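Trainee:
Number of protein chains: 2
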Amino acid sequence: MQRTRSQQLDAIFAALADPTRRAIVARLASGEASVMELAKPFAMSQPAISKHLKVLERAGLISRGQDRQRRPRRLEAKRLAEATRWLERYRRIWEANFQRLDALLEELKAQERPVRRAKGGERS
Amino acid sequence: MQRTRSQQLDAIFAALADPTRRAIVARLASGEASVMELAKPFAMSQPAISKHLKVLERAGLISRGQDRQRRPRRLEAKRLAEATRWLERYRRIWEANFQRLDALLEELKAQERPVRRAKGGERS
DNA sequence: GTTATATATAACTCTACGGTTGTAGAACCA
DNA sequence: TGGTTCTACAACCGTAGAGTTATATATAAC
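If you read the protein sequences in the order shown, they are chains U and Y. Counting from 1, one number per residue, gives the positions in the first sequence under my numbering. Counting from 1, one number per residue, gives the positions in the second sequence under my numbering.
1) Just verifying my parser: in three-state terms, what is the DSSP assignment at S63/Y?
2) Please report the straight-line C-alpha distance between A83/U and F13/U, rounded to a whole angstrom.
3) Counting along the chain, where does the beta strand (DSSP E) carrying R70/Y start and finish?
4) Using beta carbons (cut-off 8 angstroms, strictly below), is L75/Y in contact with chain U?
5) In the DSSP assignment, what are the bridge partners of L75/Y?
6) Nearest-angstrom Cα distance between V55/Y and Q8/Y?
7) Can you find a CB in chain U that lies within less than 8 angstroms of the CB of A17/Y?
8) Sort out for me which residues DSSP pairs A33/U with in a bridge.
9) Here's the rule I'm using: 16 or more other beta-carbon atoms within 10 Å means buried, otherwise exposed. How should A15/Y be labelled?
10) Closest Cβ-Cβ distance between I93/U and chain Y: below 8 angstroms?
11) Provide the residue span of the alpha helix (DSSP H) that contains F13/Y, from first to last.
12) Helix, strand or coil for S45/U per DSSP?
13) On the CB-based measure, 16 or more other CB atoms within 10 Å of its CB, does P47/U come out buried or exposed?
So, in structure tokens, the structure goes:
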């Protein structure tokens, strides 16, 4: 059902907005693990963990392997990178603007010209 | 009420898991804006936008200024950086492990020694 | 075959979220 | 003063999320 890029980001960020799921990601960063192994550290039922894994999987953050009855999960770094890219982008833009703003304020201060915004509310 | 670092990450990622809020962040990356200005592009009531702004604010991603009746919002790049740091961390670790795994597989293949996992399930 | 282990699914509860409308309050304008 | 503009708040509704227990499926072991 072809998800848009925006829907992908929805899924990725939503998946990471839960401490249990972030802990799972952290755990998987040091190697693949079965559902049981992943469940062990948490005071939570196995189905609950399976649900969390499903969320992470739908977000593309992890994938399922196969080893006998086990279905070990592993990280998919691509999607982590995708989220990172989104964040980095706006952080950079904003930081650039911040420096521009600094420069602008210096300029205005030098000119001693107070600015009153017009009703139309034009944005730079 | 002193939020833990984990709760902060909860709030940040949850805030970014909504397309409207990401669009608002994108908009604010190019300069501060009033609630009305932020609401304009969306087919959504003003209170809805105010709610979204509250979510972003609770996550520390934006802050409120004051200009007459307006309460212009601006980005707080610090928190974007915080989320980025979390993501980067596990992406890097995993990528490092991925390369180690490659090396390990080469090694195993060279030795032609099939490994059967013992019952205890020790993790490397 | 039976039994055990590992995982997934179903059905349910409870709460949080994203939207609505209506209204209140604060700052400006005439 | 009265009216307009901008924002916030309250109450409500529908749906999705995170957990539960119970059960089903799949692979393995005996």
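Even glycine gets a Cβ: it sits at the ideal position worked out from N, Cα and C. Computed from a prediction, not measured in an experiment: that's the story for all the values here.
Mentor: The relevant details are as follows:
1) In this structure, S63/Y counts as strand in the three-state DSSP scheme.
2) Each residue's alpha carbon lies about 7 angstroms from the other.
3) Run containing R70/Y: none; DSSP gives neither H nor E here.
4) Yes - at least one Cβ of chain U is within 8 angstroms of the one on L75/Y.
5) Under the DSSP definition of a beta bridge, L75/Y partners with I62/Y.
6) In a straight line, the C-alpha of V55/Y is about 12 angstroms away from that of Q8/Y.
7) Judged by the 8 angstroms Cβ criterion, A17/Y is in contact with chain U.
8) A33/U is bridged by DSSP to R73/U.
9) Per the 10 Å Cβ criterion, buried.
10) At a cut-off of 8 angstroms between beta carbons, I93/U contacts chain Y.
11) Following the DSSP letters along the chain, one finds F13/Y inside the alpha helix (DSSP H) bounded by residues 5-16.
12) In the structure shown, S45/U sits in coil (DSSP, three-state: anything other than H, G, I, E or B).
13) Exposed, since its Cβ has fewer than 16 Cβ neighbours within 10 Å.
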